[in-house]
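Written out below as structure tokens is the structure these notes cover.
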Amino acid sequence: MELAWARVERTIGLGTNRLTHTPGNVAFIKAAVDAGVQMIDTAHLYTGGQSEETIGAGASPAPDGVIVATKGGFGGARRGRPDVLHAEIEDSLRKLRTDTIRLYYLPRVDPETPLETSLSAIKDYVDRGKILHVGVSEVTVEEIERARKVLPIAAVQNHYNIEERKYDDVVDHCAREGIVFVSFFPLRAAGGAAVAEVARRRHATPRQVILAWLLRRADVMLPIPGTLSLEHLRENLAAEDVKLTKTDLAELA
Numbered sequence: 032m033e034l035a036w037a038r039v040e041r042t043i044g045l046g047t048n049r050l051t052h053t054p055g056n057v058a059f060i061k062a063a064v065d066a067g068v069q070m071i072d073t074a075h076l077y078t079g080g081q082s083e084e085t086i087g088a089g090a091s092p093a094p095d096g097v098i099v100a101t102k103g104g105f106g107g108a109r110r111g112r113p114d115v116l117h118a119e120i121e122d123s124l125r126k127l128r129t130d131t132i133r134l135y136y137l138p139r140v141d142p143e144t145p146l147e148t149s150l151s152a153i154k155d156y157v158d159r160g161k162i163l164h165v166g167v168s169e170v171t172v173e174e175i176e177r178a179r180k181v182l183p184i185a186a187v188q189n190h191y192n193i194e195e196r197k198y199d200d201v202v203d204h205c206a207r208e209g210i211v212f213v214s215f216f217p218l219r220a221a222g223g224a225a226v227a228e229v230a231r232r233r234h235a236t237p238r239q240v241i242l243a244w245l246l247r248r249a250d251v252m253l254p255i256p257g258t259l260s261l262e263h264l265r266e267n268l269a270a271e272d273v274k275l276t277k278t279d280l281a282e283l284a
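According to the working numbering, the sequence shown is numbered sequentially starting from 32.
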């Protein structure tokens with residue numbers, strides 16, 4: 032995937048919503064980078080801040096080509112206020128042990144704070160060079176376009192997988208506009224008999240087939256399956272080598 036802001040050879044990243052701050056998990060983050068992971072996704076609230084702390088300990092300074100993405104403003108109404116976002120961005124910078132966050136998401140549209148107000152608060156940090164690129168999460172096409180009137184949107188992160196396809200129009204919009212579509216919970220899907228049969232034919236695991244289907248869905252697709260296992264991480268990354276045929280895709284449609 033080669034876009035204006037992200038040149039990555041690996042199109043499968045790592046989600047870290049269960050990552051706690053232990054020596055073993057710090058070593059896991061280092062091993063994940065060594066294995067070729069180029070997108071590590073976290074958030075201010077994940078495991079009470081331990082996820083960011085662990086990534087800061089294991090991947091700071093981030094090697095060239097590795098994007099550590101985080102987000103703030105989770106937790107319900109009024110969490111998208113500028114004062115909340117500013118405080119959480121400062122905390123994320125500290126925990127990640129960095130002066131600059133490569134990609135920062137507004138994770139939800141606050142029902143009591145206009146989207147434009149929340150993004151303007153994040154833009155303050157873009158203007159200061161503390162955030163390089165901005166994304167939005169769990170959004171519609173209309174919300175993406177509202178966001179783009181405030182500042183450039185580099186990535187959209189929505190819940191999407193082989194069974195959860197309510198954001199098909201958002202995937203298509205991102206593909207047309209050259210916006211990275213980051214699929215969270217990409218493996219939260221049973222798959223069923225069709226996935227099992229395609230996996231048998233391709234000498235792959237069902238998880239790999241589900242990820243391979245996502246990668247074929249759009250050139251801008253970047254799934255972030257979560258795992259704490261280096262074995263599972265390597266299995267996920269190997270899905271990039273699973274080549275699905277038109278027959279396979281028809282069965283999985």
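We put the CB at the ideal spot given by N, CA and C, even for glycine.
Bear in mind that the values here come from a model prediction, so they are computed numbers and not experimental data.
Exposure label - residue i; buried when at least 16 CB within 10 Å
i    : result
D72  : buried
K61  : exposed
D65  : exposed
G96  : exposed
R110 : buried
A281 : exposed
R299 : Outside the shown range of the chain (32 to 284) lies residue 299, about which nothing can therefore be said.
H234 : exposed
E84  : buried
Among the options, the one whose alpha carbon lies nearest that of residue i
i    : options                : result
R125 : I86, R196, Y191, D141  : I86
A63  : K277, L50, A74         : L50
N192 : L268, G166, L253       : L253
C205 : T148, G222, L218, I184 : I184
G222 : W244, G209, R207       : W244
D203 : D250, V165, I153       : D250
G257 : A152, S149, M70, F216  : F216
R41  : E208, L218, M70, L150  : M70
Cβ distance (whole Å) where residue i is taken to contact residue j below 8 Å
i    : j    : result
F105 : P138 : 5 Å
Y136 : K180 : Not a contact, Cβ separation roughly 18 Å.
V157 : L182 : 6 Å
T144 : R112 : 5 Å
I255 : S214 : 7 Å
T131 : G89  : Their Cβ separation, rounded to whole angstroms, is 18 Å, which puts T131 and G89 out of contact at 8 Å.
H75  : D114 : Going by Cβ atoms, the distance from H75 to D114 rounds to 14 Å, so no, they are not a contact pair.
S82  : T47  : 5 Å
D190 : E173 : Note on identity: in this sequence residue 190 is His, with Asp being the wrong assignment. With 8 Å as the limit, H190 and E173 do not qualify as a contact, their Cβ atoms being about 18 Å apart.
L45  : L261 : Their Cβ separation, rounded to whole angstroms, is 11 Å, which puts L45 and L261 out of contact at 8 Å.
Where the beta strand (DSSP E) containing residue i begins and where it ends
i    : result
Q188 : 186-190
R159 : Premise fails: R159 is in no beta strand (DSSP E) and is neither H nor E.
A100 : 98-102
D72  : 70-72
P254 : 252-254
S214 : 211-215
I132 : 132-137
Element boundaries [alpha helix (DSSP H), containing residue i]
i    : result
V11  : The structure shown does not extend to residue 11, since the chain is modelled only from 32 to 284, so the question has no answer here.
L246 : 237-248
G89  : 81-89
G307 : Outside the shown range of the chain (32 to 284) lies residue 307, about which nothing can therefore be said.
V181 : From DSSP, V181 is part of no alpha helix (DSSP H); its letter is neither H nor E.
C-beta atoms of residue i and residue j nearer than 9 Å
i    : j    : result
A230 : Q239 : yes
A186 : A100 : yes
T236 : V201 : no
E194 : A227 : no
R128 : P92  : yes
L242 : A284 : no
R248 : D279 : no
V68  : L275 : no
L259 : I43  : no
V167 : L146 : yes
I153 : L116 : yes
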